[in-house]
Every structure is written in C-alpha cells, then in structure tokens.
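Residue numbers (our numbering): 4 to 185.
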Amino acid sequence: MTTGNESIDQILNKDTEDESLRKYKEQLLGAAAKGIPKTDDPRRVVVETFGLRFPDGEHPDIIREVDTKEKVATLENEPINIKEGVKYLFIVTYRVQHDIVPALHFVNTIKKTMVTVDQQNTMMGSYGPRAEPYTYKSQPQYAPSGMLARGSFKANTKFVDDDGKCHLEMNYSLVIKKDWTD
Numbered sequence: 004m005t006t007g008n009e010s011i012d013q014i015l016n017k018d019t020e021d022e023s024l025r026k027y028k029e030q031l032l033g034a035a036a037k038g039i040p041k042t043d044d045p046r047r048v049v050v051e052t053f054g055l056r057f058p059d060g061e062h063p064d065i066i067r068e069v070d071t072k073e074k075v076a077t078l079e080n081e082p083i084n085i086k087e088g089v090k091y092l093f094i095v096t097y098r099v100q101h102d103i104v105p106a107l108h109f110v111n112t113i114k115k116t117m118v119t120v121d122q123q124n125t126m127m128g129s130y131g132p133r134a135e136p137y138t139y140k141s142q143p144q145y146a147p148s149g150m151l152a153r154g155s156f157k158a159n160t161k162f163v164d165d166d167g168k169c170h171l172e173m174n175y176s177l178v179i180k181k182d183w184t185d
C-alpha cells in the first residue's frame, strides 16, 4: 500500500478506484482519513501535559503543562516531590497533527550526581492525527527508598519516533523525601 514515508494525503489518494481499499485505509487512519482541523503549529506531536499518577491513591496526581517552550523551561526549577517507596506511573497527554507518527517512544533517564540510576525506553505506539489528545500511561513502578535513595535527581525525557525525529526533549527535577510533608 505504501512505499517509504508517505503523507496521509498520498496514502489516501492512492488506489482511489478500489472502494474496499479506500474503506480499509479510512478504518486504519481514523480521523485523519476524514480530515482534521488544520493548525498553524508546525509540530507533529504536541505534548500537552507530563506528570506522575499515584495509582494507590496515596497522593493526588502531579501534572505539569508542557505545551510551550516557556512551560518546559520551568520544569527544572520546580521539582516534583515524591515520597520514597511510593508506587507511581508516568502519565502524558499529547496531540498528533499533520501526519502519522510512527513508533513514538518515551525515553526517560534519571540521574543522581551524574550517575544514571534509572533509564527506560518505552514504545508508546504509532498514531494518526486527530483533534482529541492521546494519553500514555507507563507501567507502574516504585520510587526507591532508604536513606541513600532520598535526595535530588535530574531527569531528561524525550519523545522520539522511528524516523529519528525528537518531538520534545525536556529536563525536570525530582526530589525523593522520607514523607510527603518533609
């Protein structure tokens, strides 16, 4: 059906005489096949929010808006504070616009004093453009605990697709404390 990286318009305009193939492409491409609102924003992936969810209900979600460069720049100076040993997952909302994004990855690296203490590269999926945002939730994990685990961490997160395009790179600070109120 496609060769290489073709745009949605190229895919839809190919083989137009085959009705069953047209319906199949509309089913695969969803809203993109029916036409989506055009935007002046040239980004293909717009990450709207980034944060942590605590599935055991121990603490309200900590969510940061990251849809502009200015908001992303504040992340390093406004640390995310969490309790040691708490169960959490990353939660991200994002929009895809203009074209298909193949194999979007969530790449997160956490360091403490220049030493990498956690690194993950998770395939989020492939997405077509649509007006409604998508939501990604990572697998649950536990914050480290103990005296040596507490302290300040620097983290770097990237959203990269299989075409090698980095849609967003951001740095944030994380502080692990003995309790929520420390």
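For every residue, glycine included, the Cβ atom is placed at its ideal position computed from N, Cα and C.
If contacts are defined as beta-carbon pairs under 8 Å, then residue i and residue j qualify, I think. What distance do you get, rounded to the angstrom?
{"i": "Ala146", "j": "Ile85", "result": "5 Å"}
{"i": "Arg47", "j": "His101", "result": "5 Å"}
{"i": "Ile113", "j": "Leu55", "result": "With 8 Å as the limit, Ile113 and Leu55 do not qualify as a contact, their Cβ atoms being about 12 Å apart."}
{"i": "Thr138", "j": "Ile94", "result": "7 Å"}
{"i": "Ile99", "j": "Arg133", "result": "Note that residue 99 is Val in the sequence shown here, rather than Ile. About 7 Å; that satisfies the 8 Å criterion."}
Using CA atoms only, rank isn't needed, just tell me which of the options is closest to residue i.
{"i": "Phe53", "options": "Asn124, Glu87, Glu172, Val178", "result": "Glu172"}
{"i": "Thr184", "options": "His62, Glu51, Asp44", "result": "His62"}
{"i": "Val50", "options": "Ile179, Thr160, Phe156", "result": "Thr160"}
{"i": "Met109", "options": "Ser141, Lys26, Thr42", "result": "Sequence check: residue 109 is Phe here, not Met. Of Ser141, Lys26, Thr42, the residue nearest in Cα terms is Ser141."}
{"i": "Thr219", "options": "Tyr91, Asp64, Tyr97", "result": "In the structure as shown, the chain begins at 4 and stops at 185. Residue 219 is therefore absent and cannot be evaluated."}
{"i": "Pro105", "options": "Lys168, Asp182, Asn111", "result": "Lys168"}
{"i": "Tyr175", "options": "Ile83, Ile66, Ser23, Val99", "result": "Ile83"}
{"i": "Tyr91", "options": "Ser155, Gly60, Asp21, Met127", "result": "Gly60"}
{"i": "Ser129", "options": "Val118, Ile103, Glu135", "result": "Ile103"}
{"i": "Thr116", "options": "Glu20, Asp166, Leu151", "result": "Leu151"}
{"i": "Leu107", "options": "Glu68, Asp165, Arg67", "result": "Asp165"}
{"i": "Thr119", "options": "Gly131, Phe156, Glu135", "result": "Phe156"}
{"i": "His170", "options": "Arg67, Ser23, Asp44, Asp21", "result": "Asp44"}
List the residues that DSSP assigns as beta-bridge partners of residue i.
{"i": "Thr52", "result": "Glu68, Thr96"}
{"i": "Ile103", "result": "DSSP, once it has assigned bridges, lists no residue as partnering Ile103."}
{"i": "Gln144", "result": "Tyr91"}
{"i": "Met126", "result": "His108"}
{"i": "Val120", "result": "According to DSSP, which records beta bridges pairwise, Val120 is partnered with nothing at all."}
{"i": "Lys180", "result": "Lys86"}
{"i": "Gly154", "result": "Ile179"}
{"i": "Leu24", "result": "Bridge partners of Leu24: none, in fact."}
{"i": "Thr160", "result": "Asn111, Met173"}
{"i": "Thr138", "result": "Thr96"}
Which parts of the region 60 to 84 are runs of the beta strand (DSSP E), unbroken and 3 residues or longer, counting only runs that do not cross its ends? Correct list: 65 to 68.
Q | Stretch pair the region 67 to 79 + the region 116 to 128: three plus CB contacts closer than 8 Å | A | Fewer than three pairs of CB atoms, one per stretch, sit closer than 8 Å, so the region 67 to 79 makes no contact with the region 116 to 128.
TODO: Determine contact between the region 132 to 147 and the region 84 to 98, defined as no fewer than three beta-carbon pairs at a distance below 8 Å.
DONE: With the cut-off at 8 Å, the region 132 to 147 and the region 84 to 98 touch.
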